[in-house]
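In my numbering, the protein residues as written are 14 to 120.
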């Protein structure tokens, strides 16, 4: 599973070198963070709607779009999936309430 995310992260980095008319991802980078965030928000909304509709195929499709655009946002910010995966790994063994309490106490 992590291999797919790592492979995608590598492709997203490569797209930074391409021109916006050659690559969808390059066009997102060229339009900047605000455009990427708008697209991410759209994908999140489409994922919510798919979940409300209850069609498993649509849920999977829209979630893939959401994850993809999340990775684009991370790459634009100079990040990859590894720190996010590390954070999820860190949370293993913690209850959601414990994790939330740790976050609340650190702010």
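We treat Cβ as the ideally placed atom computed from N, Cα and C, and that holds for glycine.
Burial state of residue i, where buried means 16 or more other Cβ atoms lie within 10 Å
i           : result
residue 100 : exposed
residue 58  : exposed
residue 85  : buried
residue 3   : The first residue shown for the chain is 14 and the last is 120, placing residue 3 beyond what the model contains.
residue 79  : buried
Whole-angstrom C-beta distance between residue j and residue i, which should lie under 8 Å
i          : j          : result
residue 26 : residue 88 : 6 Å
CB of residue i within 8 Å of CB of residue j, strictly
i          : j          : result
residue 50 : residue 83 : no
residue 94 : residue 22 : yes
residue 75 : residue 56 : yes
Exercise. Given 8 Å as the limit, is there contact between the segment 34–48 and the segment 61–80, that is, 3 or more CB pairs closer than that?
Worked result: no
Exercise. What residue ranges within the segment 76–106 form continuous alpha helix (DSSP H) runs of no fewer than 4 residues, ordered along the chain?
Worked result: 94–104
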